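Chemist:
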Amino acid sequence: MEKEQILVVDDDEGLLHLLKMRLAAEGFAVTACTTGQDAVIEAKKKMFDLAITDLRLRGEDGLDVTEELLRIHPQLPVIILTAHGSIPNAVEAMQRGAFGYLTKPFDDKELKATIEKALAQQRMSKEIQRLKSLVKELYGLENVVARSPAMQRLFQQIAQVADSDATILLFGETGTGKEVMARVVHTNSRRSKGPFVALNCAAIPEALFESELFGHVRGAFTSAHGPKKGLFQSANGGTIFLDEIGEMPLSMQVKLLRAVQEREVREVGSELSTKIDVRIIAATNKDLGEAVKNGSFRNDLYYRISVVPLFIPPLRDRRDDIPLLAQHFLKISNQRANKDVRGFTPTALHRLMVNPWPGNVRELENAIEKAVVMTRQDMITPDLLPSVGVSPDAPLKPLTEAKEEFERTYLKNVLQLTGGNISRAAQFAGRYRADFYKMLRKYGLHPSTTKGKSEADIEELEDESTLMEADR
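Numbering (our numbering), first residue to last: 297 to 768.
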């Protein structure tokens, strides 16, 4: 863990030296300055966790120094050192942003207590910023577009395990975004500054597997004209992602097991082992439990890599995410094709929602990219999207039931697409606001959440809408 940085400013060199010694003994990294000008220069060069400054410096005002430090780092806690006679000035300093003050002379306990109190606030501020960054990474559009309950649960699990070194096994169908999730884990871990190395186990010929994973020395085999670093060595200090691990040959599984257990690898042709510092994230679209039973996957390796198993749901089980994903991929496809397609017609949106998407998120992305390329209008129409097959065993619903199911789904999707903005939603649906509210009431939907709401709430909204319509 990095030492917390403290900036100390005092023109009394004896006291300055004493403070530096005391703080260094407590485990802090201390930068000592005899003038406010030097302190400001240091503050511009690097970040500090705390500053301690004398109120009266030779030829300088400690209040001015405090304000300058806070101008550079607004969240920096500043402790003022003052004599008893200048306590009112110290109070003024606190009013101008300082954290607190110590009166001279002060003892070690008093100094330590005040510093700990100031740093506790700073530590909390840093933790809040870290969590905000984590939430942004997990919930923002940069990596994952999702609001469905199933994905929210997955995000919570990832947030819990991301900063550990536990080996993770991601389960999910093809196209669900297993590598994206692996990158999210890596980005939000203590290894985020290290490399992220991905390998698709299904794409490597068996004869090359060992060399790819662990490297080889010169002359290890006929074509080994020089040494080669393996993927495990390349991922040192970071994360290695082994996709489709269920396709790994049995002959390699025992060698991978040793690397996972011992955290060391042996290059092909070498008699020496090399220690590695990597986190392992594996992924599969297979039932590895079944593979263990039929003997195609080692039982001991399965338990080693599935310390934390995480399941990524298929797109058909999180249909609430489809409108968000569709808009996200539309934006990306517009940029690629240099077009300005505004959105989807209601029937096109419905087709996206009812499609089973066996290829999951990847198939949806490809379908929208194709539609953007092919369209000659500013809206995506259903004829540009994949047709929805109906299973011959599926029972045909009565017309009224099918119509109501479509309307409920359509209303929820339009509300989600417009962020609950009733004016835009009604305009999108081609209805007056009052009519749109009546439809919401019919299906027990609420504009802000698209979840069920009491009839009284819907009536109140409808009355407001009717008055607005009457005022026009």
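By construction, the Cβ of each residue, glycine as well, lies at the ideal position given by its N, Cα and C atoms.
Note that this is a predicted model, so its numbers are computed, not measured.
If you drop the 5 nearest sequence neighbours on each side, which residues of the same chain put their C-beta closer than 6 Å to that of ILE541?
Modeler: CYS497, ALA578 and THR580.
Chemist: Span of the alpha helix (DSSP H) holding THR483?
Modeler: Counting along the chain, the alpha helix (DSSP H) containing THR483 begins and ends at 474 to 483.
Chemist: In terms of alpha-carbon separation, which member of ARG514, SER460, LEU312 and VAL574 lies closest to ALA347?
Modeler: Measuring from the Cα of ALA347, the nearest candidate turns out to be LEU312.
Chemist: Go ahead and label ALA458 buried or exposed: buried means 16 or more other beta carbons lie within 10 angstroms of its beta carbon, across all protein chains shown.
Modeler: Answer is buried; the Cβ neighbour count reaches 16.
Chemist: Using a Cβ-Cβ cutoff of less than 8 Å, which residues in the same chain neighbour THR463 once the five nearest sequence positions on both sides are dropped?
Modeler: These residues qualify, in order along the chain: VAL556, ARG575, ILE576, ILE577, ALA578, ARG600, ILE601, SER602, VAL603 and VAL604.
Chemist: Which same chain residues, not among the five before or five after ARG559, have their C-beta less than 8 Å away from its C-beta?
Modeler: Here the set comprises LYS571, ILE572, ASP573 and VAL574.
Chemist: If we ignore side chains and look at the alpha-carbon of each, how far apart do GLY490 and ARG594 end up?
Modeler: Near 30 Å, if we compare the C-alpha coordinates of ARG594 and GLY490.
Chemist: Pick out whichever of TYR739, ARG612, GLU697 and THR677 has its Cα sitting closest to the Cα of THR470.
Modeler: Closest by alpha carbon: ARG612.
Chemist: For ILE601, does the three-state DSSP call read helix, strand or coil?
Modeler: The answer is helix: DSSP assigns ILE601 an H, G or I state.
Chemist: To which residues does DSSP link PHE492 through a beta bridge?
Modeler: Looking at the DSSP assignment, PHE492 forms a beta bridge with THR535.
Chemist: Around the Cβ of PHE402, are there at least 16 other Cβ atoms within 10 angstroms (buried) or fewer (exposed)?
Modeler: Looking at its Cβ environment, which holds fewer than 16 other Cβ atoms inside 10 Å, PHE402 is exposed.
Chemist: Judging by CA-CA distance, which residue of ALA321, GLN631, LYS316 and ASP307 is the nearest neighbour of THR331?
Modeler: It is ASP307 whose Cα lies nearest to the Cα of THR331.
Chemist: Would you call the region 336 to 351 and the region 366 to 382 touching, i.e. three or more CB-CB distances under 8 Å?
Modeler: Short answer: they touch.
Chemist: Buried or exposed: ASN634, going by 16 or more other Cβ atoms within 10 Å of its Cβ?
Modeler: It counts as exposed.
Chemist: Work out the CA separation of SER569 and ASP636 for me, nearest whole Å.
Modeler: Rounded to the nearest angstrom, the two C-alpha atoms are 56 Å apart.
Chemist: For ASN590 and ILE608, I'd like the C-alpha separation in whole angstroms.
Modeler: Each residue's Cα considered, the two are about 24 Å apart.
Chemist: Would ARG647 be called buried (16 or more neighbouring beta carbons within 10 Å of its own) or exposed?
Modeler: Buried, by the Cβ-count rule.
Chemist: Pick from PHE528, ALA499 and ALA531: whose alpha carbon is nearest that of GLU543?
Modeler: When only C-alpha atoms are compared, the closest one is ALA499.
Chemist: For a test of the three-state rule: what should DSSP assign to GLU560, helix, strand or coil?
Modeler: Looking at GLU560 - three-state DSSP - the assignment turns out to be strand.
Chemist: Quick check on DSSP: helix, strand or coil for TYR278?
Modeler: A question about residue 278 goes unanswered here, because the residues of the chain that appear run from 297 up to 768.
Chemist: Please report how far the alpha carbon of LYS582 lies from the alpha carbon of MET420, in whole angstroms.
Modeler: So the alpha carbons of these two residues sit roughly 43 Å apart.
Chemist: Which residue from MET477, ASP674, LYS627 and PRO682 puts its Cα closest to that of MET649?
Modeler: When each option's Cα is compared against that of MET649, the closest is PRO682.
Chemist: Leaving out the 5 sequence neighbours to the left and right, which residues in its chain are closer than 8 Å to MET447 when beta-carbon positions are compared?
Modeler: For MET447, where only same-chain residues beyond five positions count, the Cβ hits under 8 Å are VAL440, PRO609, ARG614 and ASP617.
Chemist: For the beta strand (DSSP E) that contains PHE301, what are its first and last residues?
Modeler: Note that residue 301 is Gln in the sequence shown here, rather than Phe. GLN301 -> beta strand (DSSP E) spans 301 to 305.
Chemist: Between LEU434 and the rest of its own chain, which residues show a CB-CB distance below 8 Å, the 5 nearest in sequence each way excluded?
Modeler: Annotation note: pLDDT 47 at LEU434 (below 50); position unreliable, no value reported.
Chemist: Near MET670, what residues of its chain come up, given a Cβ to Cβ distance below 8 Å and the 5 sequence neighbours on each side ignored?
Modeler: Cβ within range, chain order: LEU680.
Chemist: Can you find the residues in the same chain that come closer than 8 Å, C-beta to C-beta, to LYS699, ignoring five residues on each side of it along the sequence?
Modeler: So the list is empty, once near-sequence residues are dropped.
Chemist: Apart from the five residues on each side of it in sequence, which residues of its chain come closer than 7 Å, Cβ to Cβ, to SER629?
Modeler: For SER629, where only same-chain residues beyond five positions count, the Cβ hits under 7 Å are ILE664, GLU665 and VAL668.
Chemist: Relative to the C-alpha of GLU563, which residue among PHE528, LEU584, PHE702 and PHE537 is closest?
Modeler: The candidate whose alpha carbon is nearest that of GLU563 is PHE528.
Chemist: Please confirm whether THR775 and LEU351 have their CB atoms less than 9 Å apart.
Modeler: Residue 775 lies beyond the stretch modelled for the chain, which goes from 297 to 768, so this question has no answer here.
Chemist: Taking the alpha-carbon of GLU703 as reference, which of ALA730, VAL684, SER566 and ARG737 has the nearest alpha-carbon?
Modeler: It is ARG737 whose Cα lies nearest to the Cα of GLU703.
Chemist: So GLY396 is in the beta strand (DSSP E); what residue range does that whole segment cover?
Modeler: Taken as a continuous stretch (DSSP letters only), the beta strand (DSSP E) holding GLY396 covers 396 to 399.
Chemist: Determine the direct distance from the alpha carbon of ARG449 to that of ALA442, and round the result to whole angstroms.
Modeler: If I take the Cα positions, the gap works out to 11 Å.
Chemist: By DSSP's criteria, ARG575 is part of a beta bridge. Which residues make up the other side?
Modeler: DSSP output for ARG575 lists THR535 as bridge partner(s).
Chemist: Pick helix, strand or coil for GLU298, following the three-state DSSP scheme.
Modeler: Looking at GLU298 - three-state DSSP - the assignment turns out to be coil, as it is neither helix nor strand.
Chemist: Tell me whether the beta-carbon of SER592 lies closer than 9 Å to the beta-carbon of LEU546.
Modeler: Taking 9 Å as the Cβ cut-off, SER592 and LEU546 qualify as a contacting pair.
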